[in-house]
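Residue 50 is where the sequence shown starts when you use my numbering, and the numbers rise one by one after that.
The beta-carbon is built from N, C-alpha and C at its ideal position, and this holds for glycine as well.
Since the model is a prediction, treat every value here as computed from it, not as a measurement.
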Amino acid sequence: MMAVSPPFSRRPLVAALACLATTPFNTWAQTSPEKVSQLQNIVVTASGFEQVIADAPATITVITEKELQGKAYRNVTDALQDIPGVSIEGGASGKFENTNINIRGLNESYVLFLVDGQPLGASSEAYYNGFGGGAQVNFLPPMSAIERIEVIRGPMSSLYGSSAMGGVINIITKKVASTWSGEVSADTTLQERSESGNAFQGRYYLSGPLIENRLGLSLAGSHFQRHEDKILNGYGKQRINNNEAKLDWILNDAHSLSFKGGVTTTDNLRT
């Protein structure tokens with residue numbers, strides 16, 4: 050028996066059946082349908098400020114929170130596979146778990162990745178926080194903390210520089226809630242063949258004020274586990290834990306500061 054634990058290695062998952070269950074800790078503040086519709090039509094990536102998506106000077110697609118929760122996406126890479134013009138190449142030495150994300154034929158050296166408008170890395174040669182291929186996925190927020198993902202297909206060099214010639218992917222996280230609330234969700238993938246390993250994923254999100262209208266805290270995380278295949282050269286057993294904490298400090302009506310910290314662990318085992 051041999052155990053191997055590369056810190057930043059994941060395997061793609063073949064989904065056969067997914068079941069999703071969500072249980073709220075508390076009731077979210079009520080929002081009118083008109084306001085929800087307006088919020089879903091607002092984007093920031095195309096011009097650097099909030100605007101209606103119809104007025105955006107670019108071809109942009111938004112993956113909403115509802116879409117993220119309604120499907121058994123394991124991570125951002127899974128969610129991006131449904132975007133027209135975006136292709137995912139498995140087995141490549143890319144930024145996200147050994148995959149290369151291309152937009153309209155240009156590889157990720159020309160695709161800018163942002164988290165709340167902050168660059169995750171300019172190219173495959175300039176990795177976030179000094180880590181190499183496949184590491185950046187571990188610095189992404191947990192799926193439960195993501196409000197939406199904005200994807201621009203086409204050149205945005207005039208706004209973001211040469212690293213955005215292919216497009217921009219901006220991951221926008223949830224704002225800290227004004228009242229304490231949260232959610233827990235779980236999904237499972239059952240393989241059609243008994244020789245293939247089943248998978249389970251659980252997520253949590255908790256958010257609320259520490260000091261009203263001044264200081265807020267959010268906690269988010271996910272746990273993913275896949276059983277080992279019972280076939281030659283199949284996928285090994287895998288366990289991934291991702292947890293993040295964010296502290297929002299509101300200075301005034303126009304300014305605020307955010308402090309983030311997170312830990313991701315990945316374990317792989319093949320017998």
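Item to complete: Determine the direct distance from the alpha carbon of V135 to that of L129, and round the result to whole angstroms.
Response: 7 Å
**Message:** Between H272 and the ligand NAP, is there a pair consisting of the residue's CB and a ligand heavy atom that are separated by less than 7 Å?
**Reply:** Questions concerning the ligand NAP fall outside what the structure shown contains, since it holds no ligand whatsoever.
Find out if the Cβ-Cβ distance for the pair A294, L268 is shorter than 8 Å. yes
Taking just the CA atoms, how far does Q240 sit from S172? Residue confidence is low: S172 scores 45 on pLDDT, short of 50, so the model does not pin down where it sits. No coordinate-derived value is stated.
Distance between R197 and V164 (C-alpha atoms, nearest Å) = 11 Å
**Request:** Find out if the Cβ-Cβ distance for the pair E199, I137 is shorter than 8 Å.
**Result:** no
When the Cα of D316 is compared with those of K309, Y159, T222 and R288, which residue comes out closest? R288
Problem set entry | L192 versus T314: straight-line alpha-carbon distance, rounded | In the sequence under discussion, the amino acid at residue 192 is Met, which differs from the Leu named in the question. Distance between the alpha carbons of M192 and T314 is about 15 Å.
Task: Same chain, Cβ closer than 6 Å to L266, neighbours up to 5 away in sequence not counted - done: L259 and L296
Compare the C-alpha of S256 against each of S230, P190 and I299 and name the closest. S230
Check: Straight-line CA distance for M214 to G310?
Finding: 30 Å
Would you list, in sequence order, the uninterrupted alpha helix (DSSP H) runs of no fewer than 4 residues that lie entirely inside the stretch 200-261? 206-209
(Q) What does the Cβ neighbour count give for L300, buried or exposed, with the cut at 16 atoms within 10 Å? (A) exposed
Just verifying my parser: in three-state terms, what is the DSSP assignment at Q130? coil
For F249 and D127, what's the separation of their Cα atoms in angstroms?
15 Å
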